[in-house]
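Mapping of the sequence shown onto the working numbering: position 253 corresponds to residue 276, and the numbering continues sequentially without gaps. C-beta: ideal position from N, C-alpha, C; glycine also. Written out below as structure tokens is the structure these notes cover.
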Amino acid sequence: MKNNHSSIAPGLKYIILFFIILILLICTYIYWYSTLLKNSENHLIKFNKNLKNNEIEINWDEIITKGFPYRIEKNLKNVELKYKNIFIQTKNIKIINQPWNLKHFIIKIENEISVKNKIKKLKIINDGLISSFKIKDKSNIRLSIQSKSLKINSEKFLIQLFNPELHIRNFNENNIESVFITKNIVFPLKNNEAHFENINLHGSILNYSNIKIKDIKNWFINEGGIDLKNISFLINNKPISFSGFISLDKKFNILSTLSLN
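Rendered as structure tokens:
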């Protein structure tokens, strides 16, 4: 009996030690997760503050946080973005972080988006709209937006985009590169529907550093512009491509060069 007791006791000690370590690891993870949760909220507050510095105001009714233990998911309810007299509204925006990478945001909008001012109103009906936003530093920011379809509806027109994708990145601190791709754009005319197929727009915004939205016109005149390259699409199975550059003069007239194939 004495030998049996002595052989069981060490095994029991290892089991107890295992559970103690496991509990400590779980407590450490919960503490780490709660710290990251606060940091994630601070990122959101800082982002909101940066928008206000550019005269953009964003408000929401409440934030519901969930996703433990694998992710940090914030549901923003009844979101309204305001710039001067333009209002953008949607019922729910999901902002998702992985705990190990707080500078990578997954943003989902699964409901209708309303854009309006005092006179006009625009509705955007989306199917599976999702975006990825990565921030490493000022010289390495990437944004990707894609959806199965987007229907843009106003009182005067209706446009539907199938499988649209928008990819934006800055390749240095002053210039932004962008690519827009869509399989098909359809908009109804009086007698039939117009189709633009396989659209690929590749361009860049030059010398944008430290520009505010209110100064965009002056930036166009004095420093920057939009460089358009590798723009191509099909109309009735006929390929069309062009490239060019757009800027403004002091009277806000468009200055552009265009090369069409």
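Which residues DSSP lists as bridging residue i, in chain order
{"i": "serine 170", "result": "The partner list for serine 170 (beta bridge, DSSP) is empty, contrary to what the question assumes."}
{"i": "arginine 192", "result": "Arg165 and Glu200"}
{"i": "leucine 145", "result": "Val138"}
{"i": "threonine 205", "result": "Ile222"}
{"i": "serine 155", "result": "Ile129 and Ser167"}
{"i": "lysine 97", "result": "Thr88 and Ile118"}
Simplified DSSP assignment, three categories, for residue i
{"i": "asparagine 62", "result": "helix"}
{"i": "serine 177", "result": "coil"}
{"i": "tyrosine 106", "result": "strand"}
{"i": "asparagine 186", "result": "coil"}
{"i": "asparagine 73", "result": "helix"}
{"i": "lysine 25", "result": "The pLDDT assigned to lysine 25 is 49, lower than 50, so where the model puts this residue is not dependable; a value taken from the coordinates is nonetheless given after this. Three-state result, lysine 25: helix."}
{"i": "phenylalanine 91", "result": "coil"}
Chain B contact for residue i (CB, 8 angstroms cutoff)
{"i": "isoleucine 164", "result": "The chain inventory of the structure shown lacks chain B, comprising one protein chain alone."}
8 angstroms CB neighbourhood of residue i in its chain, flanking five on each side removed
{"i": "lysine 159", "result": "Lys126"}
{"i": "asparagine 71", "result": "Ile81"}
{"i": "tyrosine 106", "result": "Glu78, Ile79, Glu80 and Ile236"}
{"i": "isoleucine 100", "result": "Per the sequence shown, the amino acid found at residue 100 is lysine instead of isoleucine. Trp83, Asp84, Glu85, Ile86, Ile87, Lys114 and Asn115."}
{"i": "isoleucine 46", "result": "none"}
Same chain, Cβ closer than 6 angstroms to residue i, neighbours up to 5 away in sequence not counted
{"i": "lysine 97", "result": "Ile86, Thr88 and Ile118"}
{"i": "isoleucine 153", "result": "Lys131"}
{"i": "leucine 145", "result": "Val138 and Ser177"}
{"i": "leucine 166", "result": "Phe156 and Ile191"}
{"i": "leucine 35", "result": "none"}
{"i": "isoleucine 111", "result": "Leu104 and Val138"}
{"i": "isoleucine 208", "result": "Leu184 and Phe219"}
{"i": "glutamate 188", "result": "Gln169 and Ile204"}
{"i": "serine 172", "result": "Asp150 and Phe185"}
Cβ-based neighbour list, residue i, same chain, cut-off 7 angstroms, excluding 5 preceding and 5 following
{"i": "methionine 24", "result": "At methionine 24, the pLDDT of 47 sits below 50, so the modelled position is not reliable and the matter cannot be decided from this model."}
{"i": "asparagine 134", "result": "Thr113, Lys114 and Asn115"}
{"i": "tyrosine 56", "result": "Phe91, Pro92 and Pro122"}
Inter-residue CB distance, residue i and residue j (contact presumed, cutoff 8 angstroms)
{"i": "isoleucine 204", "j": "isoleucine 175", "result": "The Cβ separation is near 17 angstroms, so there is no contact."}
{"i": "asparagine 149", "j": "isoleucine 129", "result": "Actually they do not touch by this definition, with Cβ atoms about 15 angstroms apart."}
{"i": "asparagine 124", "j": "arginine 94", "result": "Contact doesn't hold; Cβ gap of about 10 angstroms is too wide."}
{"i": "asparagine 163", "j": "asparagine 140", "result": "Not a contact, Cβ separation roughly 35 angstroms."}
Problem set entry | Stretch pair the segment 179-188 + the segment 71-90: three plus CB contacts closer than 8 angstroms | Below 8 angstroms, too few C-beta pairs join the segment 179-188 and the segment 71-90 to call them touching: fewer than three.
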